[in-house]
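S.K.: Before anything else, here's the structure in question.
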C-alpha cells in the first residue's frame, strides 16, 4: 500500500523492452543518434507542429531550462506559490536563470487565480526599472493538488501573460494524466491554448527516467544546447532516453497508463469519500488524492502499513478546512500501483 | 516643491568640506587608507561593539552583500514583499547570492507581520530537502512606508528568525531617521535587538554617496572582501567615502539632519491631514508621508509644480482604503528640503 | 569500425539485467531506496574508507558538483587546459560554482606539469586580494590523451596543491581504465595519493548512464544535496542508477571490462605503429589511441567506413609533431567494441 | 615619494569645484538629472558618434558590465592573462556574466599577441558545442605594463575578433594616458579601430570616483540598465558622478592631466635608465614604469621612504630578464604626483 508518490514505482514492461532492444551496437553520442532524431519527429507529429526537443534526465531540469530560455537573470517568473518550480526544486529555476525572481501566485487547488495574477503583474509593472522584469508565466498541469485546468482556464491565463509580453510554460510532470482526464489533444492543451513550451513528463508515468523540454513556439533557442550541457544534463548515451520515450509514445501506451492511474485514483478517492472519517480536500481529477483524515483513520492506515505523505496545511485556504484531530494527506497512484493495494486500503476505512 | 525622494537633494556642507579636506596628498588605495581605519573604529564606538565595515557606493550593494554573506545560493531570504531588497533592486540579492530565493512576507505599513512570518517559515521547513533552505531574515527600518519598528517588534521578529536558525539583517537606508524617531541608541536598535548586520544608509540623509555594510555579529566573513570587489563595489579612492561618513557621524550631524527631516515630515503630514481632501494612509513616523489625495487636490498640487510619486495601491490592505476619485501618493523629506517648500505646498491644500 | 568514442557503444548485459531485476515494485524515491544505500556501502568497501556518494546522470555533473563543493564563486580551479572540465563541458564548472575562474595548466599528454603548476600558483598568490582565490586542483585520470598518472605523479601534484591549501579532485571518467592500467587499488589511486573527491565514471565503460561524485575526505558537504537537486541532477527513480553501478562493481565486472578495452586499444595502437604511414603521438596507456596518420592512410581508413575524430593539433607541443600531409586523430575503444573491427582497421594499414 | 599607484593620489581642483557647484538643490535621482544628460551628449561629441553611457563607481564595474553585455553565461571572453579583467578583479567578469570563461592570451608587455590569439580562437572553434562559445575580445589600453597599442595593432586584433564573430571591448582605465601618448582622437582609438565598447576610466587620472561604460556600436543593450542596478552600481545621486566627468572633459583637463603624468613618467624612466643598477623592462609609453633594480638600489629607495610595488616576475618572458640579486618593480605616476618626488627619487639612483 505505497501511495507516497508515482516516483516510487518502477518501469512499464514496454519501456524496459525498448532499452534492451537498443542495448547493443554503436550510434552517435550526445543525442546525435538515430533514435533521438526519430523521437523529435514523433513529438512533432504528436503535437501537430514542429517541436524542438531537449531531452533531460529530470523534470526539474526541464523546468529550469525553460525558465532560463525565457527569463533573463533580471527577470521574473510568475507561478503558483505551491508549484514544483517554486517550492520543490531547491531553487533550480533561480539557479539556471542566473538569479531571476520567482514570484508566487495564489489560487485554490494549485490553480493560479487570474485576478490575483493580474494584480501582481500590475504591481510589477508599476515598478518597471526597479523590479525584476516580468518575463515568464508558468503553470502546472495537472497541478500539485491534482487539479486539471480546463482549456478555457489555460487560455485566460496565457492571454493575461501574453498581453503583458510574457512567455508561457507548462510544467507537465503529469501531462499524460491531465490529457487523459481532459480528453483533449496535446496540441489543444498546449500551443493552441497559448503555451510556448512544455516540460513533458514521463518518469512519473511508468518510465525509468526520461523527460523532455519541448519548445512549441517555433522560435530558435540556440542557448538551450549550451545550457543543457553546462547543467550536466546532456546524457552521452542519449539514445537510451529516446528509446524510453519512443516506447512511451507508441501504441498509446502513455495515455493508457495515465488513464489507468487516473481511474485507480478515482476509485480510491470515491472510496475514501464514503468514510465518515474522511473527506476530499479537492475533487480527484487526475492521479492524486488529497484527503482530510481523522487522526484515528490515519492511525489505522499507518498501522496497516500504508505509505503516504502528510501535506502541509497552513495555506490560507487549507488552514480553515483542516480541524483539530484531522490531518491532510496526499496519496498518489501510478500506473504500476496494483489495484489490490487500493482495495486493501479502502477495506480499512471507518464507515 | 520636490518631494519625489530624499535622493533628489544634494549634500550637506560639512560632508563636502570633508571631501575638500582630503583632496590632496597620497594615501592607501582600496581602503588601505587612514580615514577608512578611523571610520571603522568610529563605527565600533557608535555601535558599542567591534564592527566589521564594508564601504560600498550604494544601499542596494550593502543589502545584496548582506544577503550573499548570510544566504547560500540554495537558501531563502525572508523579507517584506514591498521592501527595497524584494521589490526595488532589480534582483540584486538574487544576483549576489547566486540565485537564492527571496520570499515575500506581508504586513501593514511595510512592517512584517510575525504571525505570517511564522506560517511561512513553517511551510518552508515542512519541505526541507526540496525548498530553498531558510537562511536570512531582513527587515527595513524605517520601512518603505515610513513606519518605525519598536524595539519589541524587532526583538519578536529576530527571535522567530533565530529560533529557526536564520541570521538577521536590517536595511537601514533610513536608519538615522528611524533612530531619531525612536530615540534609542544604535546598539539598542540593532544587535541588542537581535540584528546580525546592518545596511547603514547615509546617502538619503545628506551624504553624496556612501553606504556601509556593518557586520555586528562578531563573526568572520572573509568572503565579503571578495564579493565586494567582484561586484565592482570597492572604490579605489575609498578615502573619499570614509571622509563623508566620518563627517556624517561627527558632532551628531547624522541625527540632527534626520531629526530635522523627520520634523519637517511631521509638519507636512499634520498639515495635509487637516485638509478635507486628504488623509494619511499611515501615521508619519520618520521622513516619509503616504497620503490619499482627492484627484482634485492632486491636480492642484501638480499644477503648482509639486513633485511626488503616485504609489501603487493594489496591495490587499491599500486597495480597500483608496476609493475612486482618490490617489495614494508618497512624499519624502530630506534634511536639505527647504521648510518653505513645505509651507508652499500646505498653502495649496483644500480646507 | 566505430572508434569515435567509448560513449557511442551500448550497455553490458549484466548492467541491463540489473535494471530488469529492479523493474517492478516500489521503493523510496530521490535516493531513499534500498539499492542506493547498498551502493554507498559498496563504494565504501571498494575505497576502503567511508565514502559519501552523490549519484548523477553525467560525468559533467559530477565534475561540476565537485567544483562547487570545494571552490567558492570567487575562487579558482586549476586544471589542465585540455581537460574535460576546462574545455569540453561548456562552462559547467563555472556555472555550478557561480562564476569561479578555471585556470588552465600545461603539460604533455594531458598530464599537468608540476613546475608549471607551481609557477601559476605562485602568480595567483602574489595577487591575493585581487585574484580569484586558489581553491581546487583537478586532474584527469586517465587523461584526455589516454595517459595514466603514476601514483608518484599524483602525489607530487596533490602535495603542491595541499601545501597551498587547495582541495583536490580527480576526474575519473575513465577511472576503471586507469586502474586496470596501473594495477593498483582504488584507494591507492585516490585518497592515499592525496585526492579529496572523485568523479567516478562508468558510462564510458559499458554502463547505460550512471556516474557518482565520491567524497573521500571524510568531511561533511551538506551543500551537495542542495546543489544536486537545484542542478536538476537528482533522479527521482534513483534506484535505477544504483542498480547499474551495483552490477558494475560486482564480480570485478568494471575492471574486467576496462581491462578488455585497454587490451584492445593496445593491440590497435601496436598495429598502427607498425605502419610506415602512422606513428603514435603518445604511448597507449589506457583505451585511447592518438595517432598521426598520413593523409593517404586517413583517406583509406575513412573510405572503408572507419569512424574516428580528427584531433586539434595547434597546441605548442603537438603543432611541432604534426607535419604537412599528416593528421592527428583520436581512436577510442570501449569494452563493447568488437575485436573484429580492430583487425578490420589494421588490415587497412599501409605497410 | 609615493609611486604605488595612480589611485593613491587625490582629486584635481576643477573636479572638486564641480562637485561643490552642484551641491545644493534638487534634481532627478538615479541618473534622471540634467548633468547626466549633458554628460551623455558630451561623450557623443567627444567620440564623434552617438554613445550610450552607463555611469558606474569603479572601473571593475565597467569591465564587468561590458562582459555581461556581450558575453552569455556559456560564452568566452578572450583577454591578456595579465589584464585587469583577468587577474585583478577577483572574478568580476565571471560573476556579472553568470559564469562565462575568461581565456587568457599571452603577449609581451601586456600586448596581446595576434598569432597566439588566432591559435586559441582556432582551438575554441574546433570544440564548438563543447567549449564556452567565443563571444568577446577585451584589450587594455594602456596595458597593465604601461604599453600603448598602435592603431594598427588594435585594428589587427579587432579584425581577428570580428572575423570570428566576437564583439570587442577596450579597458580604458588609463585611456587618457594612452590617448595623450598616441596623439590620436578618441574615435580613432576606439570605434574607428573596431572597438564596440569602452571602459572609460577617469579615477586614476585625478577624478574622485567616476567611470563610464560607453557603448560605441550603436546597438541597444537594454539589459545594461538592469545589470547595473542589480549590481548595486547605480548611484542614487548620480549627478555627482556626472559633475566630475563633465569637469574632467572640459577645457581639455583630462588630456592635460594625462599628458603631465606621462611626461613625469618619461622623466622618471629616463632617469632610472641612466643608473648602472637599473634597466627598464619595457619602454615608458604612458604613466607607468617597470624597472629592474638591483637589490641594493631597491634597498636605497625603500630606505629613503619611496613607495612602489614589487611586480611578479615568473611569467615566461620576465623570468628570463630578472636575474638573481634583482627585482622587478612598478612605479606609477599620477597627475597629482609632485615632480619633486621624482627628482628626489632620481637623486638616490646609483650612477
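Protein chains in written order, with our numbering: chain A, 4 to 354; chain B, 4 to 354; chain C, 4 to 354; chain D, 4 to 354.
Glycine is no exception: its CB is placed at the ideal position from the N, C-alpha and C atoms.
Here the structure is a predicted model, which means the values were calculated and not measured.
For residue 189 of chain B, does the three-state DSSP call read helix, strand or coil?
M.R.: Taking the first residue of the second chain as position 1, residue 189 of chain B is located at position 186. It is helical.
S.K.: If we define contact as Cβ-Cβ less than 9 Å, is residue 334 of chain B a contact residue for chain C?
M.R.: Your numbering for residue 334 of chain B matches position 331 in the second chain. No, because no Cβ of chain C sits closer than 9 Å to the Cβ of residue 334 of chain B.
S.K.: List, in order along the chain, the chain C residues whose C-beta lies closer than 8 Å to that of residue 237 of chain A?
M.R.: Here residue 237 of chain A is taken as the residue at index 234 of the first chain, counted from 1. 61 and 63, listed in chain order.
S.K.: Is residue 18 of chain C buried or exposed, if buried means 16 or more other CB atoms sit within 10 Å of its CB?
M.R.: Within the third chain, the letter at position 15 stands for residue 18 of chain C. Classification for residue 18 of chain C: buried.
S.K.: Leaving out five residues on either side along the sequence, give the residues of the same chain with a beta carbon under 6 Å from the beta carbon of residue 336 of chain C.
M.R.: Taking the third chain and counting its residues from 1, one reaches residue 336 of chain C at position 333. If we look at residue 336 of chain C and ignore the five residues flanking it on each side, its Cβ neighbours are 264, 267, 268 and 290.
S.K.: Let's see if you can read the secondary structure: which residues bound the alpha helix (DSSP H) around residue 100 of chain B?
M.R.: In the second chain, the residue the question calls residue 100 of chain B occupies position 97. Residue 100 of chain B -> alpha helix (DSSP H) spans 95-100.
S.K.: Going straight from the alpha carbon of residue 257 of chain C to that of residue 192 of chain C, what length do you get?
M.R.: The sequence position of residue 257 of chain C within the third chain is 254, counting from 1. The sequence position of residue 192 of chain C within the third chain is 189, counting from 1. Cα to Cα, the separation comes out at about 16 Å.
S.K.: Contact check, residue 143 of chain D vs residue 112 of chain D under 8 Å by CB: the rounded distance?
M.R.: Reading the fourth chain from its first residue, position 140 is the one you call residue 143 of chain D. Reading the fourth chain from its first residue, position 109 is the one you call residue 112 of chain D. No, residue 143 of chain D and residue 112 of chain D are not in contact; Cβ-Cβ is about 11 Å, not under 8 Å.
S.K.: Please report the Cβ distance between residue 304 of chain D and residue 351 of chain D, rounded to the nearest whole angstrom; I am assuming they are in contact, meaning their Cβ atoms lie under 8 Å.
M.R.: Locating residue 304 of chain D in the fourth chain gives position 301, counting from the first residue. Locating residue 351 of chain D in the fourth chain gives position 348, counting from the first residue. Confirmed, about 6 Å.
S.K.: What in chain B is Cβ-close to residue 135 of chain A, meaning under 7 Å?
M.R.: As a working mapping, residue 135 of chain A is identified with position 132 in the first chain. The answer, in chain order, is 93 and 94.
S.K.: Kindly examine the ligand ADP and report whether one of its heavy atoms sits closer than 8 Å to the Cβ of residue 43 of chain D.
M.R.: This structure lacks the ligand ADP; in fact it carries no ligand of any kind.
S.K.: Three or more beta-carbon pairs under 8 Å between the segment 199-206 of chain D and the segment 90-105 of chain D, yes or no?
M.R.: Verdict: no, contact absent.
S.K.: Run through the segment 268-298 of chain C for me and flag every whole beta strand (DSSP E) of 3 or more residues, listed as ranges in chain order.
M.R.: Here the runs fully enclosed are 281-283 and 291-297.
S.K.: How is residue 208 of chain B classed by DSSP in three states: helix, strand or coil?
M.R.: Mapped onto the second chain, residue 208 of chain B falls at position 205. Residue 208 of chain B falls in the helix class under three-state DSSP.
S.K.: Just curious, the beta strand (DSSP E) that residue 64 of chain A is in, first and last residue?
M.R.: Within the first chain, the letter at position 61 stands for residue 64 of chain A. Per DSSP, residue 64 of chain A belongs to no beta strand (DSSP E); it is in the alpha helix (DSSP H), 62-73.
S.K.: Assuming residue 89 of chain A is part of the alpha helix (DSSP H), what are its boundary residues?
M.R.: Walking along the first chain from the start, residue 89 of chain A turns up at place 86. Taken as a continuous stretch (DSSP letters only), the alpha helix (DSSP H) holding residue 89 of chain A covers 87-90.
S.K.: How would you call residue 184 of chain B, buried or exposed, if buried means at least 16 neighbouring beta carbons within 10 angstroms?
M.R.: Within the second chain, residue 184 of chain B is the residue found at index 181, counting from 1. So residue 184 of chain B counts as buried.
S.K.: Where DSSP assigns a beta bridge to residue 57 of chain B, which residues make up the other side?
M.R.: Working through the second chain from its first residue, we reach residue 57 of chain B at position 54. Answer is B:216.
S.K.: Do you know offhand how far residue 368 of chain C's Cα is from residue 102 of chain A's?
M.R.: What is shown of chain C runs 4 to 354, which leaves residue 368 of chain C out entirely.
S.K.: Just mark residue 240 of chain D as buried or exposed, buried being the case when its beta carbon has 16 or more other beta carbons within 10 Å.
M.R.: Your numbering for residue 240 of chain D matches position 237 in the fourth chain. When all chains shown are included, residue 240 of chain D counts as buried.
S.K.: Check whether the Cβ of residue 355 of chain D lies closer than 9 Å to any Cβ atom in chain A.
M.R.: Any answer about residue 355 of chain D is impossible in this case: the structure gives chain D only from 4 up to 354.
S.K.: List, from N- to C-terminal side, the beta strand (DSSP E) runs of 3 residues or more that fit wholly inside the segment 115-165 of chain D.
M.R.: Runs found: 136-143.
S.K.: Please confirm if residue 229 of chain D has its CB atom under 9 Å from at least one CB of chain A.
M.R.: Locating residue 229 of chain D in the fourth chain gives position 226, counting from the first residue. Interface residue, yes.
S.K.: Within a Cβ cutoff of 7 Å, which residues of the same chain sit near residue 311 of chain D, ignoring the five residues on either side of it in sequence?
M.R.: The residue labelled residue 311 of chain D in the question sits at position 308 within the fourth chain. Around residue 311 of chain D: 6, 7, 332, 333 and 334.
S.K.: Please determine, among B:286, B:287 and B:279, the residue with the shortest C-alpha to C-alpha distance to residue 298 of chain B.
M.R.: On the second chain, residue 298 of chain B is found 295 positions in, with the first residue counted as 1. Looking at the Cα atoms, B:279 is the closest of the given residues.
S.K.: Rounded to a whole number of angstroms, what is the C-alpha to C-alpha distance between residue 394 of chain C and residue 190 of chain C?
M.R.: Examination of residue 394 of chain C is not possible in this model, given that chain C is present from 4 through 354 alone.
S.K.: Give the straight-line distance between the Cα atoms of residue 295 of chain D and residue 182 of chain D, rounded to the nearest whole angstrom.
M.R.: Start at 1 with the first residue of the fourth chain, and residue 295 of chain D comes out as number 292. Start at 1 with the first residue of the fourth chain, and residue 182 of chain D comes out as number 179. If I take the Cα positions, the gap works out to 26 Å.
S.K.: Rounded to the nearest angstrom, what separates residue 36 of chain B and residue 178 of chain B at their Cα positions?
M.R.: Position 33 of the second chain holds residue 36 of chain B. Position 175 of the second chain holds residue 178 of chain B. Between residue 36 of chain B and residue 178 of chain B, the C-alpha separation is close to 26 Å.
S.K.: Report all residues from its chain with a CB closer than 7 Å to the CB of residue 135 of chain B; omit the five preceding and five following residues, and keep chain order.
M.R.: Against the second chain, residue 135 of chain B aligns to sequence position 132. Cβ within range, chain order: 77, 78, 79, 103 and 104.
S.K.: Between which two residues does the beta strand (DSSP E) harbouring residue 39 of chain D extend?
M.R.: In the fourth chain, the residue the question calls residue 39 of chain D occupies position 36. Segment 37-50 is the alpha helix (DSSP H) holding residue 39 of chain D; no beta strand (DSSP E) there.
S.K.: To which residues of the same chain is residue 203 of chain A closer than 8 Å at the C-beta, ignoring the five residues directly before and after it?
M.R.: Along the first chain, read from residue 1 onward, the residue named residue 203 of chain A stands at position 200. Counting only Cβ-Cβ distances below 8 Å, and skipping sequence neighbours, we find 46, 65, 175, 178, 214, 215, 216 and 217.
S.K.: With DSSP collapsed to three states, give me the class of residue 9 of chain C.
M.R.: The residue given as residue 9 of chain C occupies position 6 in the third chain. Reduced to three states, the DSSP call for residue 9 of chain C is coil.
S.K.: Going by CA-CA distance only, name the one from D:75, D:23 and D:348 that's closest to residue 97 of chain C.
M.R.: Position 94 of the third chain, counting from 1, holds the residue named residue 97 of chain C. Considering only alpha carbons, the answer is D:75.
S.K.: With respect to the beta strand (DSSP E) encompassing residue 329 of chain B, which residues constitute its N-terminal and C-terminal limits?
M.R.: What you label residue 329 of chain B is simply residue 326 of the second chain in a count that begins at 1. That run of the beta strand (DSSP E) goes 329-335.
S.K.: Quick one: what's got a C-beta closer than 6 Å to residue 315 of chain A's C-beta in the same chain, skipping five residues either side?
M.R.: Translated into positions along the first chain, residue 315 of chain A becomes position 312. Around residue 315 of chain A: no qualifying Cβ.
S.K.: Relative to the alpha-carbon of residue 149 of chain D, which residue among D:163, D:40, D:4 and D:288 has its alpha-carbon at the smallest distance?
M.R.: Position 146 of the fourth chain, counted from the start, is the residue given in the question as residue 149 of chain D. That would be D:288, whose Cα lies nearest to the Cα of residue 149 of chain D.
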